[in-house]
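Residue numbers for the sequence shown follow the working numbering, so the first one is 7 and each next one is one higher.
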Amino acid sequence: MTSRLRLVVGISGATGAQYAVRLLQLAREHGGVETHLVISPSGVLNIHYELGLTRQAVGAMADHTYSPRDVGAALASGSFAAAGMVVVPCSMRSLAAIAHGLSDNLLTRAADVTLKERRRLVLMVRETPLNLAHLRNMTAVTEMGGVIFPPLPAFYLRPQSIADMIDHTVCRVLELFDIHVPGPRWAGMGTDSEQPGRLAQD
């Protein structure tokens, strides 16, 4: 049994590959997290289109990588002890498969295992606007114990760059697994009318 916390990371074919890359980077910098990565074929295409990176380059950021076709991998079993799983980003196709228990690849099977073992599953869903099928699928996952976490920017933190917004979102996601990394925190309202909010840095 590893002494580090195991985190399963899925990347599917929705926009937002930057969130996945940053999450893997921060998990590695933390030092106490062991990441197990599955990237769907559409996720590979999106990583290349948005970031100009290959599957191998992103895979090198994780401790272990798996083919989505390898449904016999360790991740497919509830006996694989992990703190939970995050799908970042999570497409509406992957959301639907998870919501309806369609374990048709290793990513969706690992998510199904996470739910059945009552571990934390976080889906960083990316789509807008949302139709009724999307909303019902999100409700179904929530009713099963999953967490729907759209990567929405927190403008009250007055981010200075896209990187600031990505870091804040990823830090919040990691905290759902009790993985704490340095990042901006809301510290309450300031007293200066010109400074309605302030940040606390870990």
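Yeah, the Cβ is synthetic: ideal placement off N, Cα and C, and Gly gets one too.
A quick note: this is a predicted structure, and the numbers were derived from the prediction, not measured.
Following the DSSP letters along the chain, one finds His70 inside the beta strand (DSSP E) bounded by residues His70 to Tyr72. In this structure the stretch 114-130 lies against the stretch 81-96, because at least three pairs of beta carbons, one per stretch, are closer than 8 Å.
Of all C-beta pairs linking the stretch 70-77 to the stretch 95-108, fewer than three are shorter than 8 Å, placing the two stretches out of contact. The DSSP-derived three-state label of Leu113 is helix. Counting along the chain, the unbroken beta strand (DSSP E) around Gly90 starts and ends at Gly90 to Cys96.
By the Cβ criterion, the stretch 10-20 is in contact with the stretch 51-65, since at least three pairs of Cβ atoms, one from each stretch, lie closer than 8 Å.
It is roughly 23 Å from the alpha-carbon of Leu129 to the alpha-carbon of Gly37. Excluding sequence positions up to five before and after Arg125, its CB lies within less than 6 Å of the CB of Gly90, all in the same chain and listed in chain order. Within the stretch 104-186, the runs of beta strand (DSSP E) at least 3 residues long that lie entirely inside it are, in chain order, 126-131.
Secondary structure of Pro188 (DSSP, three-state): coil. About 7 Å separates the beta carbon of Ala87 from that of Arg12, a gap short enough to meet the 8 Å contact definition. In the DSSP assignment, Val15 falls outside any alpha helix (DSSP H) and within the unbroken beta strand (DSSP E) covering Leu11 to Ile17.
By the CB criterion at 8 Å, Val119 and Leu29 fall outside the cutoff. With a threshold of 16 other beta carbon atoms within 10 Å, Phe183 meets it and is buried.
In this structure, Gly22 sits near Arg132, with a CB-CB distance shorter than 8 Å. Residue range Ala23 to His36 is occupied by the alpha helix (DSSP H) that includes Leu29.
With contacts defined by Cβ atoms closer than 8 Å, Leu32 and Leu180 form a contacting pair.
The three-state secondary structure of Val77, taken from DSSP, is coil. For Leu57, there is no enclosing beta strand (DSSP E); the residue is found in the alpha helix (DSSP H) stretching over Pro47 to Leu57. Partner residues in the beta bridge of Thr41, as assigned by DSSP, are Leu13.
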